[in-house]
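Okay, so here's the structure we're looking at.
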Amino acid sequence: MAQSKIKTLRFAVLVSLAAAIVGVAFVYPRLSARAENEQPSNINSVAAEIEAALYTRHEFFGAQAIVPFPTAEARNRLAAVAQKYPKSAQVLLKLSQLDEKLGNEELALQELRVFVEHEPDKMRALETMAEFFHRRAQFAAEAETVDRILHVAPAEQRVAVFRRLMQLAQTHALEKYLTPRFYEQTIIENPSAYEIVEQFQQSLIDNGDNEKALTLIRQNREHFPEYRDDLIEKEASLLEDMGQPKQAEEVYKRAFDPFWSSKLALSFYDCLRRNDRFRAYGHELREAVRRDPSNFEAALRLLDYSKNADDRRPDVFVQLEKTRAARHINWTPDELITITRLLLADGYGEAASRFLYTLYLQGEMKPGSKLRARVLYQLFEILSDAGDQRLSLTRG
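One rule links them: number in our numbering = place in the sequence shown (from 1) + 70.
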């Protein structure tokens with residue numbers, strides 16, 4: 071019976087030692103690998119002393135086993151190593167982890183701050199500190215640390231870090247990071263990060279600072295031309311919400327482009343419909359063309375309107391052409407290329423060919439010219455879309 075108890079006791083000890091050895095197998099290589107990145111004069115010595123402070127070796131059934139010291143003892147032993155290597159980031163980090171485990175929160179934080187100071191990889195160091203505050207539910211301190219990460223993160227990672235900071239601030243009502251001043255400073259430091267700008271715009275709108283939001287949106291149209299359409303829609307929508315539908319309409323009118331996106335065009339005409347201005351706008355355009363049939367700008371706007379009114383009017387250009395010929399008004403190259411592209415896009419190849427010929431006579435279609443390239447690309451698109459179908463442009 072006694073012999074059986076001895077065997078059971080030995081088995082329990084063996085299991086405990088095995089578990090300790092497995093734990094060391096995961097921890098020790100990390101310590102050694104990290105030590106290689108340290109800058110003390112004797113890297114191998116630091117790694118060896120960390121190991122000696124944390125673990126002891128015992129012979130067990132003829133084999134060497136690595137066994138961790140109790141936490142309090144390991145902490146005191148490592149503190150002695152830290153005195154010898156006061157700038158070793160890895161020693162300081164491990165010491166902080168042991169003090170946290172022992173409940174010495176203030177001491178752990180002090181050591182963690184010194185670790186951040188001496189750790190070459192600032193992103194890694196600050197992430198470690200942010201995790202410390204998160205574990206202890208110190209969210210204001212965590213946010214301050216994430217803010218520091220925002221300043222050291224590579225440019226391509228800053229939007230993600232900013233998004234994380236905003237989520238933290240909104241979840242825990244950290245007003246410091248939700249004020250216009252914080253956004254403004256962040257935008258100055260990250261002028262190319264559109265998502266940060268977009269969130270700032272929305273925060274101003276949500277807080278009722280509509281005038282500031284409008285100013286920011288108008289500025290951003292110049293800074294972010296790739297988001298021009300979105301910003302035009304945002305400005306017009308905000309003006310409508312502010313009870314200024316006429317000003318919203320003017321935003322779209324100033325942004326008019328005969329080749330603007332179908333999405334932006336639809337937003338404009340929807341705005342007109344919401345404010346009972348759709349029919350009136352069409353009437354105004356027809357009156358402008360009637361008063362001056364040579365008005366190129368009015369003709370373009372009427373053509374665009376007629377498409378969205380499901381009343382296509384390609385004859386607008388016929389009338390424009392006749393009036394200009396009668397009044398001896400010369401075409402500019404830009405006017406000719408615009409009409410040509412619009413006619414080609416709508417499948418009026420024969421009419422487009424006349425304007426192309428006029429361009430050719432003006433000497434604007436020379437090989438290598440940008441104008442020629444634009445026309446050829448437009449023709450390429452038309453012919454590609456046509457496939458096997460015969461076009462008036464290619465007949466004969």
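Ideal Cβ placement from N, Cα and C applies to all residues, glycine included.
Just so it is clear, the structure is predicted and the values come from calculations on it, not from any experiment.
I'd like the span of the alpha helix (DSSP H) that includes residue i, first residue to last.
i, result
"I543", "Coverage of the chain is limited to positions 71 through 466, which leaves residue 543 absent and any answer about it impossible."
"K392", "D385 to R397"
"Q240", "R228 to T241"
"F338", "S332 to R344"
"P403", "P403 to A415"
"G352", "F348 to R361"
"A283", "N280 to H293"
"E367", "F366 to N378"
Using the DSSP secondary-structure output, state which residues sit across from residue i in a beta bridge.
i, result
"A133", "F130"
"P138", "Y125"
Can you tell me whether DSSP reads residue i as helix, strand or coil?
i, result
"Y253", "helix"
"Y125", "strand"
"P190", "coil"
"P156", "coil"
"I224", "According to the sequence as given, residue 224 is Pro; it is not Ile. P224 falls in the coil class under three-state DSSP."
"A207", "coil"
"L429", "helix"
"G419", "helix"
"Q317", "helix"
"F326", "coil"
"D311", "helix"
"L172", "coil"
"N146", "helix"
"L244", "coil"
"D381", "coil"
"S454", "helix"
"S115", "helix"
"S166", "helix"
"I91", "Because I91 carries a pLDDT of 40, less than 50, the predicted location of this residue cannot be relied on, and no value is offered for it."
Assuming residue i and residue j are in contact, meaning their beta carbons sit under 8 Å apart, how far apart are those beta carbons, in whole angstroms?
i, j, result
"L168", "L148", "6 Å"
"F348", "Y339", "6 Å"
"I219", "A200", "7 Å"
"A283", "L308", "6 Å"
"T410", "L426", "6 Å"
"A369", "V359", "6 Å"
"E119", "V151", "5 Å"
"A379", "G352", "6 Å"
"A306", "C341", "6 Å"
"F139", "Y125", "7 Å"
"V116", "H128", "The Cβ separation is near 24 Å, so there is no contact."
"L431", "A422", "Not quite, the Cβ-Cβ distance comes to about 15 Å (not below 8 Å), so this is no contact."
"L248", "A210", "Actually they are not in contact, since the Cβ atoms of L248 and A210 sit about 13 Å apart, beyond 8 Å."
"R228", "N277", "Their Cβ separation, rounded to whole angstroms, is 24 Å, which puts R228 and N277 out of contact at 8 Å."
"V216", "R234", "6 Å"
"A213", "A239", "6 Å"
Is the shortest distance between the beta-carbon of residue i and the beta-carbons of chain D less than 8 Å?
i, result
"L177", "This model lacks chain D altogether, as it is built from one protein chain only."
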